[in-house]
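Below is one structure, written out as structure tokens, with a few remarks after it.
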DNA sequence: AATCGCGAACTTGTATACAATTGGCTTGAG
DNA sequence: CTCAAGCCAATTGTATACAAGTTCGCGATT
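Residue numbers (my numbering), protein chains in the order written: chain A, 1 to 216; chain B, 217 to 432.
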């Protein structure tokens with residue numbers, strides 16, 4: 001694999017799984033050593049991660065892992081509700097038969113995993129979920145626009161959602177996806193957008209329940 | 217100035233002013249020579265421009281200036297209407313007195329320029345417009361989120377808007393901005409969002425009038 | 001003991017050299 | 001005349017070497 005891609009994957013995984021907590025300083029050499037490549041491709045990886053919002057560059061100090069304020073979190077959920085709702089609406093109008101088939105496959109698989117809960121199911125569900133939303137974006141928008149939307153969905157905030165999910169939340173999430181497929185198949189953009197909105201709002205609630213001070 | 221920044225500015229200006237039309241292939245050496253720096257900072261500049269959507273990387277071939285399909289254009293205006301409307305709503309709730317004062321200053325200045333139309337007024341108006349929207353985003357969102365929103369506003373599609381504007385359009389645009397200031401000052405989020413939406417829709421109409429085949 | 005100043009090490013930023021892969025062009029054969 | 005195959009050139013991808021700036025620590029001085 002390309003060295004830059006390798007460095008990107010390595011560092012990104014470390015950030016998302018929590019090995020590099022928010023606020024951590026990340027030096028180029030450190031990443032270079034850890035990925036076994038030179039600093040040149042590492043700089044490329046750092047820049048990509050900065051563009052995606054996972055890192056911030058502090059002048060003359062290097063990169064630090066982005067920390068998200070409660071306000072950031074609230075804004076991001078709000079934004080996602082709007083944008084992904086929009087995506088669901090577009091997808092309802094533009095989905096091909098293959099798109100729908102693939103979305104259904106992903107949704108059903110996720111339902112299965114949510115029921116069985118065999119070892120490693122959380123990771124697999126997170127992956128299926130990402131694939132579902134990504135496929136939806138690909139269905140809705142031209143590739144160009146999809147790249148723009150991706151940046152909003154890749155923040156750890158979103159990716160770690162399932163850590164905060166109860167079993168009930170997991171089942172509900174899978175149900176939402178299957179309902180989305182149905183809405184899209186019947187070309188009902190309003191329905192699809194509403195389901196997606198509910199989907200995100202449910203995620204927000206789970207997030208808030210876990211991360212807000214219990215006093216509030 | 218930093219070499220990477222210089223390369224970025226140079227290339228970006230060339231893309232926006234049309235020296236590099238969509239579809240043009242951009243090689244690293246070419247940019248390096250034109251900016252008088254080595255390839256290393258150029259790669260950094262190319263990456264940033266790719267993240268902003270002005271360039272696309274074709275595997276093993278380099279970067280090409282992004283070309284936008286009519287569908288892309290339509291989607292982008294739709295998205296901007298949603299997002300900037302959201303931004304206007306947030307700004308209504310969060311703007312400080314200084315924010316409002318600065319927004320008013322920018323809006324009034326733009327009105328003046330739109331009336332006088334002295335030499336170079338189009339460039340100055342474009343700049344004032346960018347500043348206004350950027351300030352609004354800064355007012356509405358945390359700096360972190362603002363960075364995400366920026367990527368959507370920097371596409372040439374948006375920056376070149378004023379080329380398609382008639383004098384009437386220019387006046388209306390300035391009016392919109394002043395109305396926005398008023399809405400925000402009265403903390404009326406609904407009003408602000410609606411005005412912003414109209415603002416974007418007007419831009420879309422001007423764009424479509426110029427770029428769609430006249431037969432339609 | 002505390003503070004100011006100097007220096008050294010670390011980190012980023014840039015340049016250059018080298019490797020690898022690809023696309024185009026030329027040349028030859030059918 | 002056309003098509004295919006191989007070679008060459010161009011371009012990206014990576015590594016390393018070097019320069020400049022900054023921060024932290026140590027020591028000296030008050």
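Backbone N, C-alpha and C define an ideal beta-carbon position, used for all residues, glycine too.
Start-to-end residues for the beta strand (DSSP E) that takes in residue i
i	result
residue 57(A)	55-58
residue 267(B)	Taken as a continuous stretch (DSSP letters only), residue 267(B) belongs to no beta strand (DSSP E), being part of the alpha helix (DSSP H) at 255-267.
Spatially closest choice to residue i from the options, by CA coordinates
i	options	result
residue 10(A)	23(A), 22(A), 32(A)	32(A)
residue 282(B)	251(B), 224(B), 241(B), 322(B)	241(B)
residue 174(A)	15(A), 200(A), 34(A), 43(A)	200(A)
residue 120(A)	162(A), 56(A), 206(A), 92(A)	162(A)
residue 77(A)	27(A), 152(A), 108(A)	152(A)
residue 90(A)	204(A), 192(A), 198(A)	192(A)
residue 164(A)	181(A), 135(A), 206(A), 43(A)	206(A)
residue 106(A)	125(A), 55(A), 117(A), 93(A)	125(A)
residue 315(B)	397(B), 414(B), 297(B), 222(B)	397(B)
residue 329(B)	412(B), 386(B), 352(B)	386(B)
residue 272(B)	52(A), 172(A), 14(A), 145(A)	145(A)
residue 49(A)	13(A), 2(A), 131(A)	13(A)
residue 268(B)	394(B), 343(B), 224(B)	224(B)
residue 132(A)	155(A), 147(A), 118(A), 108(A)	108(A)
residue 79(A)	303(B), 289(B), 318(B), 291(B)	303(B)
residue 244(B)	231(B), 279(B), 237(B)	279(B)
residue 270(B)	332(B), 252(B), 254(B), 372(B)	372(B)
residue 424(B)	376(B), 363(B), 350(B)	376(B)
residue 374(B)	358(B), 317(B), 291(B), 363(B)	291(B)
residue 103(A)	204(A), 134(A), 39(A), 73(A)	134(A)
Residue interval of the alpha helix (DSSP H) (run including residue i)
i	result
residue 119(A)	Here residue 119(A) belongs to no alpha helix (DSSP H), and DSSP marks it neither H nor E.
residue 374(B)	372-375
residue 224(B)	219-232
Local Cβ density within 10 Å of residue i, reported as buried at 16 or more and exposed below that
i	result
residue 45(A)	buried
residue 345(B)	buried
residue 274(B)	exposed
residue 257(B)	buried
residue 432(B)	Reliability fails at residue 432(B), whose pLDDT of 45 lies under 50, so the model's placement of it is uncertain and the value that follows must be treated cautiously. With fewer than 16 other Cβ atoms within 10 Å, it is exposed.
residue 150(A)	exposed
residue 212(A)	exposed
residue 23(A)	exposed
residue 326(B)	buried
residue 97(A)	exposed
residue 220(B)	buried
residue 356(B)	buried
residue 235(B)	exposed
residue 403(B)	exposed
residue 176(A)	buried
residue 287(B)	exposed
residue 17(A)	exposed
residue 259(B)	buried
residue 61(A)	exposed
residue 85(A)	buried
residue 331(B)	exposed
residue 218(A)	What the structure shows of chain A is the stretch from 1 to 216, and residue 218(A) is not part of that stretch, so it cannot be assessed.
residue 311(B)	buried
For residue i, three-class secondary structure by DSSP
i	result
residue 105(A)	helix
residue 411(B)	helix
residue 95(A)	coil
residue 241(B)	strand
residue 81(A)	helix
residue 67(A)	coil
residue 62(A)	strand
residue 405(B)	helix
residue 165(A)	coil
residue 86(A)	helix
residue 19(A)	coil
residue 33(A)	helix
residue 142(A)	coil
residue 212(A)	coil
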